[in-house]
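This report refers to the structure that appears directly beneath it.
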Amino acid sequence: MARISIENLRQSYYPNPQRDEDWALKRLSLDLADGGAFALLGPSGCGKTTLLNLISGLLKPTEGRILFNDHDVTEATPEQRNIAQVFQFPVIYDTMTVYDNLAFPLRNRGVGEKDVDKKVREIAAMLDLDRTLSKRASGLTADGKQKISLGRGLVRSDVNVIMFDEPLTVIDPHLKWVLRSKLKELHHRIRRTMIYVTHDQTEALTFADQVVVMKDGEIVQIGTPIELFERPKHTFVGHFIGSPGMNVLPCQVAGGRVTFAGNVVEAVNTKAYRGNGKKLELGVRPEFVHFAEKGIPVEIVKVADAGRFRIVETRNSEGKINLLVREGRDIPTQNVRVTFDPGHTQIYEDGWMVN
Amino acid sequence: MNKTVDNKGWFFVLPVVLLVAFNAIIPLMTVVNFSVQETFGDNVFTWAGVQWFQDVLHSDRFHSALGRQLLFTGIILAIEIPLGLAIALTMPRKGPWVSVCLVLMSLPLLIPWNVVGAMWNIMALPDIGLLGKFLNAIGFEYNYTRRPISAWFTIVLMDVWHWTSLVALLCYAGLVSIPDAYYQAARVDGARSWAVFRYIQLPKLRHVLTIAVLLRFMDSFMIYTEAVVLTGGGPGSATTFLSIDLVKTALGQFDLGPAAAMSIIYFLIVLVLSWLFYTLMMRNEET
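Residue numbers (my numbering), protein chains in the order written: chain R, 3 to 357; chain F, 195 to 481.
Structure, rendered in structure tokens:
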């Protein structure tokens with residue numbers, strides 16, 4: 003078990019990085035509390051797998067330090083760091099049985115057969131693998147194989163952190179849900195630090211207590227799923243998380259009043275604005291936009307049915323506004339006006355939330 | 195279940211049937227024809243039944259040629275497969291040396307077989323050849339035209355030089371196709387390099403190794419050109435392998451019947467042994 007601290011970490015895959023784009027990770031610091039469930043979320047190429055491999059020790063950082071419980075492990079190998087990692091594609095030892103696969107990390111470390119047996123059976127029971135223990139691992143389905151990979155990470159009771167690198171990519175959708183709940187359940191049971199890399203917001207938000215959102219080698223926001231939803235610190239987070247993403251609209255601020263398309267709008271952070279930004283934007287999630295008698299006049303472009311609610315796309319001279327309407331509620335046809343929930347409307351200055 | 199029978203389909207298969215007939219079936223049938231008859235030329239044939247087969251199977255000459263052949267192939271496989279694998283494991287995976295290695299490794303494979311024989315013939319000459327002279331200079335009594343041990347040593351060395359790179363290249367191709375995640379997982383699991391080899395690399399190389407063993411088995415079992423150029427089957431008949439013996443019977447003595455019977459037996463041995471290798475190496479695949 004360990005608290006993980008990352009200090010000024012930079013990573014480049016080029017031997018001699020010069021420009022900003024040469025860095026896969028641009029100087030980041032991060033503290034991950036012991037026993038937490040974390041997700042690294044971001045689009046492909048944002049550096050999340052790089053960060054994961056740096057923490058696990060499969061990569062050595064170009065600059066910066068990594069500490070496990072205040073102990074510098076920057077130069078340590080994955081084995082010395084005592085971590086476990088589950089990869090995107092199930093990695094199993096083909097010629098071994100499921101049992102031997104699970105026992106492998108323990109046997110490599112010289113654990114006695116009696117303890118190996120006890121531990122393997124315990125983990126197999128946890129993962130519902132007990133009936134296949136004597137089978138050859140290569141004969142299992144993709145999700146069975148991924149469970150073995152997962153099991154190999156769990157058998158060692160002393161690992162500092164278990165890492166998952168998009169582990170559900172090759173799993174069928176209906177089994178994804180099963181494995182995701184299994185993971186969550188396991189975390190509750192063993193309370194070990196877990197880091198989960200994904201580009202899928204559902205996976206990140208359901209698994210993690212704390213989500214680290216990354217973009218272009220930088221951390222954009224760290225927060226609980228609710229914080230990311232209600233107070234995205236950057237328009238990117240607002241856009242990347244949520245379906246559909248946050249509405250980002252141009253606005254003006256003058257004399258403590260925010261105006262959008264000539265209408266005065268209330269925002270949570272109007273008072274914090276000091277008036278030094280270049281690009282000012284208003285962010286409001288579709289969940290917090292409502293049809294109203296008075297408000298901003300818009301015209302409806304299209305309505306899409308998404309099950310329990312409908313996604314309504316509207317437009318006015320300044321931009322496009324999406325809103326969610328619950329099933330059964332009416333959608334006005336004439337003189338359409340919308341309002342923004344003042345508690346969930348934020349001003350962004352050059353992409354970042356004003357505070 | 196009613197299957198539609200469409201005889202027109204046969205017309206489309208016909209070209210390939212003809213091709214196979216002309217390059218494989220008809221020549222083989224000719225051999226079968228010769229193997230059960232006796233001829234003295236002038237297209238006069240008399241029925242001989244299984245006489246030639248009996249003769250060949252009971253002949254000491256065939257037995258010793260077969261013995262030499264099995265020994266040779268056994269030695270070749272025992273050296274080339276582990277050596278090729280070892281070379282492949284030490285070859286670089288990336289960087290400028292990869293292409294240098296690949297080109298160097300391919301060179302022996304690009305040389306015509308009779309040239310390979312001639313090269314080693316000259317190189318191993320005890321009085322002027324680089325290898326022969328060197329071996330004699332450091333105290334070995336080396337003469338491949340007079341001493342069977344020397345002849346065997348030279349032929350085995352030549353074959354290893356000629357063909358190990360094929361095994362190495364096949365294994366290398368297999369090794370580079372193993373995804374990085376396997377090695378990373380092994381590091382995380384604390385596996386030592388022996389365990390990585392035993393549980394990751396070797397299982398993943400199984401198909402490639404099967405192909406390598408089959409290719410090297412078939413080729414070495416039918417070795418002819420290089421050996422004829424190098425030793426001509428001598429000294430005595432010390433390096434007379436099956437194909438050399440076959441050619442001597444067929445073209446040297448013009449015993450077409452026994453030669454044809456021997457060809458068929460030879461062909462069947464290669465077939466059965468290849469099947470045996472394949473089944474042994476592929477067993478447990480689907481369990």
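Glycine included, every Cβ here is placed at the ideal spot set by N, Cα and C.
{"Check": "Measure the C-alpha to C-alpha separation of tyrosine 336 of chain F and lysine 398 of chain F and round it to an integer number of angstroms.", "Outcome": "42 Å"}
{"Check": "Does arginine 381 of chain F have its Cβ less than 8 Å from a Cβ in chain R?", "Outcome": "yes"}
{"Check": "Pull up the distance between the alpha-carbon of glycine 155 of chain R and that of leucine 369 of chain F, whole angstroms please.", "Outcome": "25 Å"}
{"Check": "Helix, strand or coil for glycine 38 of chain R? Go by DSSP, reduced to three states.", "Outcome": "coil"}
{"Check": "Is the shortest distance between the beta-carbon of valine 122 of chain R and the beta-carbons of chain F less than 8 Å?", "Outcome": "no"}
{"Check": "Which residues bound the alpha helix (DSSP H) around valine 382 of chain F?", "Outcome": "374-382"}
{"Check": "Around the C-beta of threonine 195 of chain R, are 16 or more other C-beta atoms found within 10 angstroms, so that it is buried, or is it exposed?", "Outcome": "buried"}
{"Check": "Inspect the beta-carbon positions of asparagine 271 of chain R and valine 356 of chain R and report whether they are closer than 8 Å.", "Outcome": "yes"}
{"Check": "Are the Cβ atoms of phenylalanine 293 of chain R and valine 338 of chain R separated by less than 8 Å?", "Outcome": "yes"}
{"Check": "Count the other C-beta atoms from every protein chain shown that fall within 10 angstroms of the C-beta of glutamate 480 of chain F, then say buried if there are 16 or more, exposed otherwise.", "Outcome": "For glutamate 480 of chain F, the predicted structure reports a pLDDT of 48, less than 50, and the residue's modelled location is therefore unreliable. The matter cannot be settled from this model."}
{"Check": "Going by DSSP, what residue range makes up the alpha helix (DSSP H) through glutamine 245 of chain F?", "Outcome": "245-252"}
{"Check": "Just checking my contact of valine 100 of chain R with threonine 134 of chain R at CB under 8 Å: how many whole Å lie between their CB atoms?", "Outcome": "5 Å"}
{"Check": "Whose CA, out of F:Ala218, F:Ile459, F:Ile270, lies closest to the CA of threonine 358 of chain F?", "Outcome": "F:Ile270"}
{"Check": "What is the rounded straight-line gap between the Cα of glycine 49 of chain R and the Cα of proline 17 of chain R?", "Outcome": "17 Å"}
{"Check": "Which word fits tyrosine 198 of chain R, buried or exposed, when buried means at least 16 other C-beta atoms lie within 10 angstroms of its C-beta?", "Outcome": "buried"}
{"Check": "So with CB distances below 7 Å, who are the chain R contacts of proline 397 of chain F?", "Outcome": "Asp96, Thr97"}
{"Check": "Does asparagine 372 of chain R have its Cβ less than 8 Å from a Cβ in chain F?", "Outcome": "Since the first residue of chain R shown is 3 and the last is 357, residue 372 of chain R is not available in this structure."}
{"Check": "Please check the pair proline 452 of chain F and valine 250 of chain F, which I expect to be a contact at CB under 8 Å, by giving their CB distance rounded to whole angstroms.", "Outcome": "6 Å"}
{"Check": "Considering only their Cβ atoms, is the gap separating serine 457 of chain F from methionine 412 of chain F smaller than 8 Å?", "Outcome": "no"}
{"Check": "May I ask you to report which of helix, strand or coil DSSP gives threonine 481 of chain F?", "Outcome": "Because threonine 481 of chain F sits at a pLDDT of 43, beneath the cut-off of 50, its placement in the model cannot be relied upon, and the following sentence gives the value as read from the coordinates. In this structure, threonine 481 of chain F counts as coil in the three-state DSSP scheme."}
{"Check": "In whole angstroms, give me the CA-to-CA distance for valine 222 of chain R and valine 239 of chain R.", "Outcome": "7 Å"}
{"Check": "I want to verify the contact list: residues of chain R whose CB lies under 9 Å from the CB of glutamate 286 of chain F, in sequence order.", "Outcome": "In the sequence under discussion, the amino acid at residue 286 of chain F is proline, which differs from the glutamate named in the question. Correct list: empty, because the minimum Cβ distance to chain R is about 17 Å."}
{"Check": "To be precise: take each residue of the segment 85-118 of chain R, compare its Cβ to all Cβ atoms of chain F, and keep it if any distance is under 8 Å. Which residues remain?", "Outcome": "Ile85, Ala86, Gln87, Phe89, Gln90, Phe91, Val93, Tyr95, Asp96, Thr97, Met98, Phe106, Pro107, Asn110, Arg111"}
{"Check": "Is it buried or exposed, alanine 274 of chain R, if we count other Cβ atoms within 10 angstroms and call 16 or more buried?", "Outcome": "exposed"}
{"Check": "Assign methionine 223 of chain F to buried or exposed, taking buried as 16 or more other Cβ atoms, counted over all protein chains shown, within 10 Å of its Cβ.", "Outcome": "exposed"}
{"Check": "Return helix, strand or coil for glutamine 336 of chain R, following the three-state DSSP convention.", "Outcome": "coil"}
{"Check": "Please classify isoleucine 332 of chain F as buried or exposed, where buried requires at least 16 other C-beta atoms within 10 Å of its C-beta.", "Outcome": "exposed"}
{"Check": "So, at 7 Å on beta carbons, what are the nonlocal neighbours of alanine 242 of chain F in its own chain, with the 5 sequence-adjacent residues on each side left out?", "Outcome": "Val230, Gln231, Glu232, Gly451"}
{"Check": "Taking only beta carbons into account, state which residues of the segment 384-396 of chain F come closer than 9 Å to chain R, listed in chain order.", "Outcome": "Gly384, Ala385, Arg386, Ala389, Arg392, Tyr393, Ile394, Leu396"}
{"Check": "List, in order along the chain, the chain A residues whose C-beta lies closer than 8 Å to that of proline 290 of chain F?", "Outcome": "Given the protein chain composition of this structure (R and F), no chain A is represented."}
{"Check": "Run through the segment 272-299 of chain R for me and flag every whole beta strand (DSSP E) of 3 or more residues, listed as ranges in chain order.", "Outcome": "282-286, 291-299"}
{"Check": "Taking the straight line between their C-alpha atoms, what separation do you get for leucine 436 of chain F and alanine 455 of chain F?", "Outcome": "13 Å"}
{"Check": "Thinking C-beta only, is alanine 39 of chain R closer than 8 Å to aspartate 211 of chain R?", "Outcome": "yes"}
{"Check": "Could you confirm whether any beta carbon from chain F is found closer than 8 Å to the beta carbon of proline 63 of chain R?", "Outcome": "no"}
{"Check": "The beta strand (DSSP E) with methionine 165 of chain R in it runs from where to where?", "Outcome": "163-167"}
{"Check": "Helix, strand or coil for threonine 224 of chain F, going by three-state DSSP, please let me know.", "Outcome": "helix"}
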